[in-house]
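To keep things clear, I will list the structure first and then write my remarks on it.
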Amino acid sequence: MNKHLVGISALLLTACGGDGSSTDVTPPPANLPAKVMGTVTQVSADHQQITVNGYKINIANADIRYQQQPLDAKAIQVGMRLDLVNQGQQAKTVEVDPALVGEISAINQNNITVNGIQLAVASASQYKKGDWVAVNGYPTVVGQWQVESINLFPNLAIAEIEGRVTELDPVMQQFRLGSALIDYANAELEGLLAEGVWVEVEGQQDGAVFKAHEVDVEDASDVPTFNEMELEGTVTWVNQDKSQFELNSRTRLYVTEQTQFEDGNRTNLLEGKRLEVDIQSTAQGLWAKEVDFESSDAGGPLPDLGNKFELEGRATLDSNNQLQINGFTFIIDARTLFDDGLTLANLDQKWLQIEGVELADGQWLVKEIDLEQQSNELELTGKVSQNSLWGYHASDASLATFDGKWVNVECQFDGMQIHSCRIDD
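Each step along the sequence shown adds one to the number in UniProt numbering, with nothing skipped, and position 282 is 282.
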């Protein structure tokens, strides 16, 4: 990933000539990564070279497409998200991979509406109703879209939207992606639909409904697709021990002691950070082999990624097979990570540690579940209410000053109540 090595090597070679000769030794140019997914930051005047993830990539002879539709190199613009397969020093294939493509159906001063989704923009004056646009960004768990760029795009009669499936109704053959209502009654399905899966949907907006022609369910087990890829994105969730994180609400990666960090370290893994990650697929999933913190983040205010929560407790399953701890109900979906051999079928009555985020509707989505040994200490993250947190009442006044606040605390636990709670640094 270190793009400075080639230049440094060249300097060393010319500086270390043993016979005093002035002959320069020019090393061969370094090959590009085999696969790159990232945002275009520069396009040459002749549209033959682009810069993605810091690499200057020749696209003169590349096969450039969007959804199998051929595109001219002039369609590539700064801000677009691309998937590239490279060979040597140039791109072999370039796939334009926006998160959202469609026709602008409504405009006001600071918003445009595409495929039924309202997108915040600095100024809408550059757009008009009927324009087709490609949006680089991602939907957050609270139902908002974080827009990174919007580009005018050819009308290819193929609208697209991606995101996490919620409110799946197999009878009505509908689901939601954020605020967008998707009708898949006449769609070709690729993969198994389930609550929480990530999908890419092609179709057309029809009034208030997006009529899907094709629904492609992302297969979390299809890790070879990401093998040896360099992926750029924004951190949208990190677990408590920073062993797992997500990019763009979509791609889950894990970190080990062997993960290398550039321009930062593991403690800098925080929501909102922009990263370039070298990925290697393993039996465990997608390993972040190398993580490069970008020198400047996306800019502007951080997106609302929801309140993170954490707690331990005795798990029960209710009649609807939903996880409950201390009377609180938690959502488990297709993207929830089960550790320590746990499954939904075997977690009843076990002592668990769970982590997740609060959704826009106030429900609790579990991101990770671990098996724990009950001890005399509890680490809890959540909102304090009436000297209690996650159903654990404090026998002293150690939570009183935090009433109504969202806190991360470590408390002593006697098996029934908590006490001596303090902010966990």
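Glycine residues also receive a C-beta, built at the ideal position from the N, C-alpha and C atoms.
Rounded to whole angstroms, what is the Cα-Cα separation between Thr251 and Gly79?
Position 251 of the sequence shown, counting from 1, holds the residue named residue 251. Position 79 of the sequence shown, counting from 1, holds the residue named residue 79. If I take the Cα positions, the gap works out to 20 Å.
Measuring straight from C-alpha to C-alpha, what distance separates Leu193 and Val217?
Looking up residue 193 in the sequence shown gives position 193. Looking up residue 217 in the sequence shown gives position 217. Using only the alpha carbons, I get a separation of about 7 Å.
Using the beta-carbon count (16 or more within 10 Å), is Gly299 buried or exposed?
Counting from 1 along the sequence shown, the entry for residue 299 is found at position 299. Low local confidence applies: a pLDDT of 49 at Gly299 is under 50, so the model's placement there is unreliable, with the coordinate-based value given in what follows. Gly299 is exposed by the Cβ-count criterion.
Have a look at Asp396 and Asp304 and give me their C-alpha separation to the nearest angstrom.
Locating residue 396 in the sequence shown gives position 396, where the first residue counts as 1. Locating residue 304 in the sequence shown gives position 304, where the first residue counts as 1. The alpha-carbon atoms of Asp396 and Asp304 are separated by roughly 34 Å.
In whole angstroms, give me the CA-to-CA distance for Ala157 and Leu247.
Within the sequence shown, the letter at position 157 stands for residue 157. Within the sequence shown, the letter at position 247 stands for residue 247. Using only the alpha carbons, I get a separation of about 29 Å.
Just how far apart, CA to CA, sit Asp403 and Ser388?
In the sequence shown, counting from the first residue as 1, residue 403 sits at position 403. In the sequence shown, counting from the first residue as 1, residue 388 sits at position 388. For Asp403 and Ser388, the distance between alpha carbons rounds to 8 Å.
So is Lys273 buried or exposed if we call it buried at 16+ other beta carbons inside 10 Å?
In the sequence shown, the residue the question calls residue 273 occupies position 273. Lys273 is buried by the Cβ-count criterion.
Express the C-alpha separation of Ala75 and Asn155 in angstroms, rounding to a whole number.
Residue 155 sits at position 155 when you count from the first residue of the sequence shown. Residue 75 sits at position 75 when you count from the first residue of the sequence shown. C-alpha separation (whole angstroms): 12 Å.
In the DSSP assignment, what are the bridge partners of Gln258?
Taking the first residue of the sequence shown as 1, we reach residue 258 at position 258. Paired residue(s): none; Gln258 is not in a bridge.
Tell me whether the beta-carbon of Glu312 lies closer than 9 Å to the beta-carbon of Pro33.
Taking the sequence shown and counting its residues from 1, one reaches residue 312 at position 312. Taking the sequence shown and counting its residues from 1, one reaches residue 33 at position 33. No; because the gap between Cβ atoms is not below 9 Å, this pair is not in contact.
Determine the burial state of Arg335: buried for a count of at least 16 other Cβ atoms within 10 Å of its Cβ, exposed for fewer.
Start at 1 with the first residue of the sequence shown, and residue 335 comes out as number 335. Answer is buried; the Cβ neighbour count reaches 16.
Give the straight-line distance between the Cα atoms of Asn408 and Gly143, rounded to the nearest whole angstrom.
Taking the sequence shown and counting its residues from 1, the one referred to as residue 408 is at position 408. Taking the sequence shown and counting its residues from 1, the one referred to as residue 143 is at position 143. Approximately 24 Å between the Cα atoms of the pair.
Could you tell me the boundaries of the beta strand (DSSP E) in which Gln412 lies?
Here residue 412 refers to the residue found at position 412 when the sequence shown is read from its first residue. Counting along the chain, the beta strand (DSSP E) containing Gln412 begins and ends at Trp406 to Phe413.
Give the single residue among Leu302, Arg65, Leu270 and Leu84 whose Cα lies nearest to the Cα of Asn58.
As a working mapping, residue 58 is identified with position 58 in the sequence shown. Comparing Cα positions, the closest option is Leu84.
Kindly identify the DSSP beta-bridge partner or partners of Asp370.
Mapped onto the sequence shown, residue 370 falls at position 370. DSSP output for Asp370 lists Gln353 as bridge partner(s).
Residues in its own chain within less than 6 Å of Lys289 by CB, not counting five upstream and five downstream?
As a working mapping, residue 289 is identified with position 289 in the sequence shown. Contacts found: Asp278 and Gln280.
Can you have a look at Lys308 and say buried or exposed, based on whether 16 or more other CB atoms are within 10 angstroms of its CB?
Numbered from its first residue, the sequence shown carries residue 308 at position 308. Burial call: buried.
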